[in-house]
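Engineer: Chains as they are written, first to last, in the working numbering: chain A, -13 to 318; chain B, -13 to 318.
We put the beta carbon where it would ideally sit given N, CA and C, even for glycine.
Questions regarding the structure given below will be posed in turn.
There are 2 protein chains.
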Amino acid sequence: MPELRKDPVLGRWIIIATERSKRPTDFVVEEFKTTGGFCPLCPGNEKTTPREVLAYGRDPNMPANSAGWQLRVVPNKYPALVIEGDLEKHGEGLYDRMNGIGAHEVVIESPRHEDRFTFLPHDQMVLVFRAFRNRIHDLGRDHRFRYVMVFKNYGRAAGASLEHSHSQLVALPILPRMVISELDGSLSYFKYKDRCVFCDIIRQEAQQDTRVVCQNDYFVTLTPFAPRSPFEMWILPKHHSSSYADQDDQSLSALADIFSETMRRLDACIANVPYNFVLHTQPLGSQPLEHYHWHFEIVPKLTSIAGFEWGTGFYINPMPPEDTCRYLREAL
Amino acid sequence: MPELRKDPVLGRWIIIATERSKRPTDFVVEEFKTTGGFCPLCPGNEKTTPREVLAYGRDPNMPANSAGWQLRVVPNKYPALVIEGDLEKHGEGLYDRMNGIGAHEVVIESPRHEDRFTFLPHDQMVLVFRAFRNRIHDLGRDHRFRYVMVFKNYGRAAGASLEHSHSQLVALPILPRMVISELDGSLSYFKYKDRCVFCDIIRQEAQQDTRVVCQNDYFVTLTPFAPRSPFEMWILPKHHSSSYADQDDQSLSALADIFSETMRRLDACIANVPYNFVLHTQPLGSQPLEHYHWHFEIVPKLTSIAGFEWGTGFYINPMPPEDTCRYLREAL
């Protein structure tokens, strides 16, 4: 019997379609491999990107935009939004528009073209999470921006166009709809229960122990109760916090540990699977929020978004999260 | 300069990414062609589908599930939801679930395997729209169901797995989130203005005349102000109505005309482009609604849904709808 499940924060319904049930080996994954050729993100080619906004690991005596870096952040050469200009919000009859002001940056996660995020050494992965924190702080000083969206596309099916390991940041002059829904949903719960819904989820999952993939002192990885995709996972801090940018170095080191373990477990189940991850954190300029809890959502690209998903905003998932959790636990 | 645009009903923001702007010939489309082999939807193979729930055009002296039909509706062999059983709504701590009760049906749009929806003769296309109406009425009598979602996936990239021209219906025991958002958004507007937002859109678009693709006495096709994808189009009835299922035969005949013209214009711009269409109509058992307006949304699959879209719920579109409208107008 298929089952309908509701996400307790967003109110989004998911169909666990048992009539279409699958095992990990049923998913066909196209390899995203190094084809060679010119790579604008490789060391030595710094001049082919827009000028860097951050670099880690370069000898301080060397000039910006030279080689020798361990991690580098540059503006996107084909940005979805541009940094220069005013918003000029205006109407047109019943329509609203504004200029596409924002920032769109690329985090080059390693100087080595062959490196994959999943298998980065601990210290290198820590640099990635520090770069996210640094850029959120810096972009947050620009009062035109309301939110910094941090995300990664891995594999062609997940929207990646460059092979060299990278993630992206987009600073937005508006709060995106999905962020508003998550803030609203968690606030409704808080008003009713006086507790953070994510803290309650973590507590209930620890008790039930059927959707906990792995954990350390600071973080837990879950397969969520109502996942959009097989092998969807959330990484949440165990202690309540609404702001990624407020995490200290110790927390980011623990985050690198669990992220690494989580991604290796995923890779052991479905080698080289395309995926997106997205950081969910509080809006820029917000005070700490009692009702909201920052986290990462990792969504493998294993099912297609077709008419039904477009029309309804809910998802058909052929694999219950309790099953994917078991596969992930046994993977390493 | 890129531009941010807001959908006046959903509040969904779109980035018109002019820095990534494209022409129709920039889109690479993989052909979805007839490869031969066994087709379960072809005449003669009626026994390989579940037993039909509707057939048009067969000699009334012939038995059900025999050949000789012009259009046939059958339950999906691999349904996302099943028709037999009770909902048994129950909680599990803070989570909500219910049995996956519903109906999932396939509308076989023509007996001819090579036919494409876009190029169906008028009378055949009318049968498709009558089948939608018939099935909504019939499924609406089952009081477990709240909504019938009608949609079509064309082309592999849009989620189709069978070549033979078909569309689908899913009867749902809940109102999907996207439907709720559309009802809520249009109700807010109605409360403020005492007018239907879709009627206002049609009026403003007729005046501006930059996003009207084509029209007849009953219907108009627009490229919406804030489209998720290049060549997204909406087909709306000119006279206010919230319910597709209440349309008479004359209206469905005019709908077949404009749908056919709309799809041929699209095909003339980008031959064989994969697409989804979704019918947006009022919930089952609802009285006629002053604030809501039924319509079809056609979304070609030309851009990828990557981390950014997942995280934000908004879309990056490389082509302004005024440009796509011009291409579509000039296409035939």
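(1) Checking the sheet assignment: what are the DSSP bridge partners for Arg(-9) of chain B?
(2) Measure from the alpha carbon of Ser174 of chain A to the alpha carbon of each residue in A:Glu308, A:Tyr278, A:Tyr42 and A:Ser272, then state which is nearest.
(3) My understanding is that Ala53 of chain B touches Gly30 of chain B, with C-beta atoms under 8 Å, so please give their C-beta distance in whole angstroms.
(4) With a threshold of 8 Å between beta carbons, is Gly171 of chain A in contact with chain B?
(5) Using 8 Å as the cut-off, can you tell me whether the segment 306 to 317 of chain A makes contact with the segment 237 to 247 of chain A, which would need three or more C-beta pairs spanning the two stretches below that distance?
(6) Please decide whether Leu67 of chain B counts as near chain A, where near means a Cβ-Cβ distance under 8 Å.
(7) Could you check whether the Cβ of Val198 of chain B sits closer than 8 Å to any Cβ belonging to chain A?
(8) I need the straight-line Cα distance from Pro304 of chain A to Arg83 of chain A, nearest angstrom please.
(9) Just curious, the alpha helix (DSSP H) that Asn320 of chain A is in, first and last residue?
(10) I'd like the ranges of any beta strand (DSSP E) spanning at least 3 consecutive residues and lying wholly in the segment 224 to 312 of chain B.
(11) I'd like to check one pair, Leu265 of chain B with Phe103 of chain B: are the Cβ atoms closer than 8 Å?
(12) Using the C-alpha atoms, what's the distance from Met135 of chain A back to Val60 of chain A?
(13) Buried or exposed: which applies to Ser151 of chain B, given that a residue is buried once 16 or more other Cβ atoms fall within 10 Å of its Cβ?
(14) Quick check: Met219 of chain B and Val199 of chain B, are their CB atoms within less than 8 Å of each other?
(15) Would you verify that the beta carbon of Asp186 of chain B is, or is not, closer than 8 Å to some beta carbon of chain A?
(16) Specify, as a first and last residue, the run of the alpha helix (DSSP H) that Asn139 of chain A falls within.
(17) So, does the CB of Val156 of chain A fall closer than 8 Å to a CB anywhere in chain B?
(18) Within 8 Å (strictly less), CB to CB, does Tyr230 of chain A reach chain B?
(19) Between the C-alpha atoms of Leu288 of chain A and Leu73 of chain B, what's the straight-line distance to the nearest angstrom?
(20) Taking only beta carbons into account, state which residues of the segment 125 to 145 of chain A come closer than 7 Å to chain B, listed in chain order.
(21) Residues in its own chain within less than 8 Å of Ser215 of chain A by CB, not counting five upstream and five downstream?
(22) Could you have a look at Ala117 of chain A and say whether DSSP puts it in helix, strand or coil?
(23) Strictly below 8 Å CB to CB, what residues from chain A border Pro162 of chain B?
(24) Cα-Cα, which of B:Tyr42, B:Arg315, B:Glu295 and B:Trp280 is closest to Ser172 of chain B?
(25) Sorted by chain position, which residues of the same chain lie with C-beta nearer than 7 Å to Leu169 of chain A's C-beta, five sequence neighbours on each side aside?
(26) From the beta carbon of Asp82 of chain A, is the nearest beta carbon of chain B less than 8 Å away?
(27) Exposed or buried, Asn47 of chain B, counting other C-beta atoms within 10 Å across all chains shown (16 or more means buried)?
(28) What residue ranges within the segment 18 to 80 of chain B form continuous beta strand (DSSP E) runs of no fewer than 3 residues, ordered along the chain?
(29) Hey, does Arg(-9) of chain A have any beta-carbon neighbour from chain B nearer than 8 Å?
(30) Taking buried to mean at least 16 other C-beta atoms within 10 Å of its own C-beta, is Lys75 of chain A buried or exposed?
(31) Name, please, each residue of chain A whose Cβ falls closer than 7 Å to the Cβ of Phe24 of chain B.
(32) Strictly below 7 Å CB to CB, what residues from chain A border Ser239 of chain B?
(33) Given that Asn31 of chain B touches chain A, what residues does it touch there, using C-beta distances under 8 Å?
(34) Go to Ala317 of chain B, then tell me how far its beta strand (DSSP E) extends in each direction, as first and last residue.
(35) Is the Cβ-Cβ distance between Gly213 of chain B and Ile0 of chain B less than 8 Å?
(36) Compare the C-beta of Gly86 of chain A against all C-beta atoms of chain B and say whether one is closer than 8 Å.
Structural biologist: Here's the rundown:
(1) Per DSSP, A:Arg83 and B:Ile0.
(2) Ranking A:Glu308, A:Tyr278, A:Tyr42 and A:Ser272 by Cα distance to Ser174 of chain A puts A:Tyr278 first.
(3) Indeed they touch by this definition, with Cβ atoms about 5 Å apart.
(4) No, because no Cβ of chain B sits closer than 8 Å to the Cβ of Gly171 of chain A.
(5) In this structure the segment 306 to 317 of chain A does not touch the segment 237 to 247 of chain A; the number of beta carbon pairs closer than 8 Å is below three.
(6) It does; some Cβ of chain A falls within 8 Å.
(7) Using a CB distance cut-off of 8 Å, Val198 of chain B does not count as an interface residue toward chain A.
(8) Cα to Cα, the separation comes out at about 39 Å.
(9) For residue 320 of chain A there is no data in the structure shown, the boundaries of chain A being -13 and 318.
(10) You should have 261 to 266, 281 to 286 and 301 to 303.
(11) At least 8 Å separates the beta-carbon of Phe103 of chain B from that of Leu265 of chain B.
(12) Looking at the two C-alpha atoms, the distance is approximately 16 Å.
(13) Ser151 of chain B should be labelled buried.
(14) By the CB criterion at 8 Å, Met219 of chain B and Val199 of chain B fall inside the cutoff.
(15) Asp186 of chain B counts as touching chain A.
(16) Element bounds for Asn139 of chain A: not the alpha helix (DSSP H) but the beta strand (DSSP E), Tyr133 to Tyr140.
(17) So yes, Val156 of chain A belongs to the interface.
(18) Chain B, which has no Cβ nearer than 8 Å to the Cβ of Tyr230 of chain A, makes this no.
(19) Counting only the Cα atoms, Leu73 of chain B lies some 28 Å from Leu288 of chain A.
(20) The segment 125 to 145 of chain A vs chain B, Cβ under 7 Å: Met135, Phe137, Lys138, Asn139, Ala144 and Gly145.
(21) Within the same chain, Ser215 of chain A has close Cβ partners Val285, Pro286, Lys287, Leu288, Thr289, Tyr301 and Asn303.
(22) It is helical.
(23) The contacting residues are Trp(-1), Gly297, Thr298, Gly299 and Phe300.
(24) Looking at the Cα atoms, B:Trp280 is the closest of the given residues.
(25) For Leu169 of chain A, same chain residues with a beta-carbon under 7 Å away, outside a window of 5 residues either side, are Tyr278 in chain order.
(26) Yes - at least one Cβ of chain B is within 8 Å of the one on Asp82 of chain A.
(27) The Cβ neighbour count for Asn47 of chain B, taken over all protein chains shown within 10 Å, is under 16; the residue is labelled exposed.
(28) Runs found: 40 to 42, 57 to 61 and 76 to 78.
(29) Residue-level contact check: Arg(-9) of chain A touches chain B, since one or more beta carbons of chain B fall below 8 Å from its beta carbon.
(30) Counting Cβ neighbours within 10 Å, Lys75 of chain A comes out exposed, since fewer than 16 surround it.
(31) At a C-beta separation below 7 Å, Phe24 of chain B has no neighbours in chain A, since its nearest C-beta there lies roughly 20 Å away.
(32) Result: empty, since nearest Cβ-Cβ is about 24 Å, beyond 7 Å.
(33) Simply none; closest approach about 21 Å.
(34) No beta strand (DSSP E) holds Ala317 of chain B; DSSP gives it neither H nor E.
(35) Checking the sequence shown, residue 213 of chain B turns out to be Pro, not Gly. Against a cut-off of 8 Å, the Cβ pair of Ile0 of chain B and Pro213 of chain B comes out as a contact.
(36) At least one CB of chain B lies nearer than 8 Å to the CB of Gly86 of chain A.
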